[in-house]
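Notes follow the structure.
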Amino acid sequence: MSRFPEIIKTTVITKLDEFYTLEQEWDQLIDSMPDYLPTMTFQWHRAWLEVNQPKIQKIHIFVFRDQEENVIGIVPLVKTQASLFRKKLMVYTFSGARDQIKTLIICKHEHHIQLLLELLTHFYEKHHDWDLLTLRRLASSHADEIFLERILKKHHWPFSVESQLKIPYIFLEGDFESYFKSRKKHFRNEVKRKSKQLNKMGNVRYRVLTSPIDEKDFNRFVEMENAGWKGNNKSSLLHRERLLALFKNLSQLESKPLKLVMYKMLLNEQLISASLCFQTKNSLHVFKIAYDEKFKRQSPGLLLRLFEIEDAFARGLKIYDFSGKAQRWMRDFTNRQHYVMDYIIYRKTLASLIRYLGFTRLKPLIKHSSISEKFLKNLIDE
Numbered sequence: 001m002s003r004f005p006e007i008i009k010t011t012v013i014t015k016l017d018e019f020y021t022l023e024q025e026w027d028q029l030i031d032s033m034p035d036y037l038p039t040m041t042f043q044w045h046r047a048w049l050e051v052n053q054p055k056i057q058k059i060h061i062f063v064f065r066d067q068e069e070n071v072i073g074i075v076p077l078v079k080t081q082a083s084l085f086r087k088k089l090m091v092y093t094f095s096g097a098r099d100q101i102k103t104l105i106i107c108k109h110e111h112h113i114q115l116l117l118e119l120l121t122h123f124y125e126k127h128h129d130w131d132l133l134t135l136r137r138l139a140s141s142h143a144d145e146i147f148l149e150r151i152l153k154k155h156h157w158p159f160s161v162e163s164q165l166k167i168p169y170i171f172l173e174g175d176f177e178s179y180f181k182s183r184k185k186h187f188r189n190e191v192k193r194k195s196k197q198l199n200k201m202g203n204v205r206y207r208v209l210t211s212p213i214d215e216k217d218f219n220r221f222v223e224m225e226n227a228g229w230k231g232n233n234k235s236s237l238l239h240r241e242r243l244l245a246l247f248k249n250l251s252q253l254e255s256k257p258l259k260l261v262m263y264k265m266l267l268n269e270q271l272i273s274a275s276l277c278f279q280t281k282n283s284l285h286v287f288k289i290a291y292d293e294k295f296k297r298q299s300p301g302l303l304l305r306l307f308e309i310e311d312a313f314a315r316g317l318k319i320y321d322f323s324g325k326a327q328r329w330m331r332d333f334t335n336r337q338h339y340v341m342d343y344i345i346y347r348k349t350l351a352s353l354i355r356y357l358g359f360t361r362l363k364p365l366i367k368h369s370s371i372s373e374k375f376l377k378n379l380i381d382e
């Protein structure tokens with residue numbers, strides 16, 4: 001088993017007070033990477049851990065260093081619980097989880113496989129208070145994933161691929177005018193038609209606010225989001241107490257590695273669309289969007305996306321990221337995609353191996369049966 005002892009030194013932080021001492025080294029590691037996601041920053045994790053502290057059973061932050069004591073990787077995990085036939089399963093998963101986006105392993109790409117091996121070896125050899133370990137990483141290539149999976153099989157570590165997300169993004173090269181001209185004609189014509197309709201209705205104006213965000217502006221966004229279909233299906237921030245607290249915390253952030261940017265579209269000074277985005281070193285990531293459904297036919301959300309992209313060009317950024325799984329309407333903006341893999345690693349216990357069989361053997365066989373699906377959901381869902 002390759003442990004890379006000559007390259008990697010591992011320490012584990014288990015207390016929140018010790019976590020705070022990492023900020024400077026964490027920021028330096030992030031700054032040394034070509035780019036990173038908002039959920040990879042120290043600032044995101046600090047906010048997430050503070051908001052969720054009452055529910056956290058245990059934190060387990062792995063810090064990897066080279067021989068010169070330079071930090072080359074950080075993997076922050078928290079201990080949670082799942083159930084299987086009323087038996088409690090101990091699960092270690094990334095802290096900072098938000099909707100479909102979880103924290104990725106924080107390191108330069110060349111260290112990914114090494115850190116994963118070191119991490120898994122630590123859990124299998126030194127830890128016994130777990131049944132499942134969930135991991136998420138960017139898939140740089142199909143060959144890279146095959147290599148990782150071969151290593152997992154070689155060491156007889158049971159695993160399954162829970163999901164493969166495709167996340168659209170735009171590579172910002174040239175200027176906004178060139179980008180817009182490169183879009184399909186029907187899309188450009190639709191944008192012009194919607195813009196004309198709104199301009200006939202009154203004065204259209206855009207505003208950009210950067211954290212710290214005024215509480216009134218933040219609350220107005222939350223109210224607008226909840227007034228629409230997200231409120232009806234209870235997926236809005238107002239129906240998700242901890243997620244609301246997380247975004248409220250981040251809205252007051254003043255930090256170089258991570259800034260919250262609120263975009264607003266107003267018609268006759270009335271707010272008709274807004275978004276919450278995060279700016280990193282080279283990227284703008286749109287996380288939350290809302291619009292007044294009375295103006296649905298004028299597509300204010302579509303027009304605000306274009307304004308965000310134009311502003312990202314103006315800020316000199318390199319990436320505009322949609323931050324969620326690919327949807328049909330995003331195709332008009334880009335055909336580029338990140339690939340993100342979710343792995344579940346199983347400890348060799350009866351409960352976790354039954355869950356492993358549920359994912360890898362039973363689910364493909366019975367997924368077309370509604371009764372079977374209901375049974376399987378209780379078996380494998382966290």
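Numbering-wise (full-length UniProt numbering), the sequence shown opens with residue 1 and increments by one. Beta carbons are placed, not taken as given, at the ideal position from N, Cα and C, and that holds for glycine.
Would Thr-14 count as contacting chain D if we go by Cβ distances under 7 Å? No chain D appears in the structure shown, which is made up of a single protein chain.
Spatially closest choice to Met-33 from Lys-325, Lys-108, Leu-148, Ser-255, by CA coordinates: The option with the nearest alpha carbon to Met-33 is Lys-108.
CA nearest to the CA of Arg-297, picked from His-112, Asn-233, Arg-193: Arg-193
Residues near Phe-147 in its chain [Cβ-Cβ closer than 8 Å; skip 5 each side]: Only Ile-113 meet the Cβ criterion.
Given a cut-off of 7 Å, decide if Leu-267 and Gly-316 are closer than it, judged by their beta-carbon atoms. no
Can you list the beta strand (DSSP E) stretches of 3 or more residues lying completely in the stretch 157-198, in chain order? 159-171
Assigned secondary structure, Ile-113 (DSSP; H/G/I helix, E/B strand, else coil): helix
When DSSP labels each residue in this structure, what does His-338 get in the three-state scheme? strand
Consult DSSP for Tyr-263 and reduce its assignment to one of helix, strand or coil. strand
Ile-319, enclosing beta strand (DSSP E) - first and last residue: 319-321
With 16 as the cutoff for other CB atoms within 10 Å, does Ala-290 come out buried or exposed? buried
Met-90, DSSP secondary structure in three states: strand
What residue range does the alpha helix (DSSP H) around Leu-29 cover? 23-31
From Asp-131, Asp-292, Arg-347, residue whose alpha carbon lies closest to that of Phe-221: Asp-292
By DSSP, does Arg-207 sit in helix, in strand, or in coil? strand
Pick from Lys-325, Gln-197, Lys-348, Asn-232: whose alpha carbon is nearest that of Leu-303? Closest by alpha carbon: Gln-197.
Flag this pair as yes or no: are the beta carbons of Arg-347 and Trp-157 separated by less than 7 Å? no
What does a CB cutoff of less than 7 Å around Thr-210 pick up in its chain, not counting 5 residues either side in sequence? Lys-259, Val-261
Under the three-state reduction of DSSP, which class applies to Ile-309: helix, strand or coil? Here Ile-309 sits in helix by DSSP.
Buried or exposed for Pro-257, going by 16 or more other Cβ atoms inside 10 Å? buried
Best match in Phe-333, His-338, Glu-23, Val-63 for proximity to Gly-324 [C-alpha to C-alpha]: His-338
Taking 7 Å as the cut-off, decide whether the C-beta atoms of residue 385 and Gln-57 are in contact. Past the edges of the chain, shown from 1 to 382, lies residue 385, and the structure says nothing about it.
Could you name the residues that DSSP lists as bridge partners for Val-63? Thr-11, Ile-74
Find the nearest neighbour of His-60 within the set Leu-16, Phe-42, Lys-318, Asp-27, judged by alpha-carbon distance. Leu-16
Contact between the stretch 214-233 and the stretch 176-184: three or more CB pairs below 8 Å? no
Just to confirm, are Val-71 and Ile-105 a CB contact at a threshold of 7 Å? Taking C-beta atoms as the reference points, Val-71 and Ile-105 fail to come closer than 7 Å.
Start and end residues, alpha helix (DSSP H) containing Gln-252: Neither: Gln-252 is in no alpha helix (DSSP H) and is coded neither H nor E.
Can you give the Cα-Cα distance for Asp-27 and Ser-235, rounded to whole angstroms? 32 Å
Supposed close pair Arg-336, Tyr-169 - CB separation, criterion 8 Å: 5 Å
Starting from Lys-230, follow the alpha helix (DSSP H) in both directions and report where the run begins and ends. 229-232
Simplified DSSP assignment, three categories, for Lys-348: coil
Paired residues, beta bridge with His-285 - DSSP: Phe-278, Asp-321
Can you list, in chain order, the residues of its chain with a C-beta nearer than 6 Å to that of Glu-308? Leave out the 5 residues immediately preceding and following it. Tyr-263
DSSP has residue 421 in a bridge; who is on the other side? Since the displayed the chain opens at 1 and closes at 382, residue 421 lies outside it and no answer follows.
For the 8 Å Cβ check, are there 3 or more pairs between the stretch 35-44 and the stretch 114-126? no
If we ignore side chains and look at the alpha-carbon of each, how far apart do Val-191 and Trp-329 end up? 13 Å
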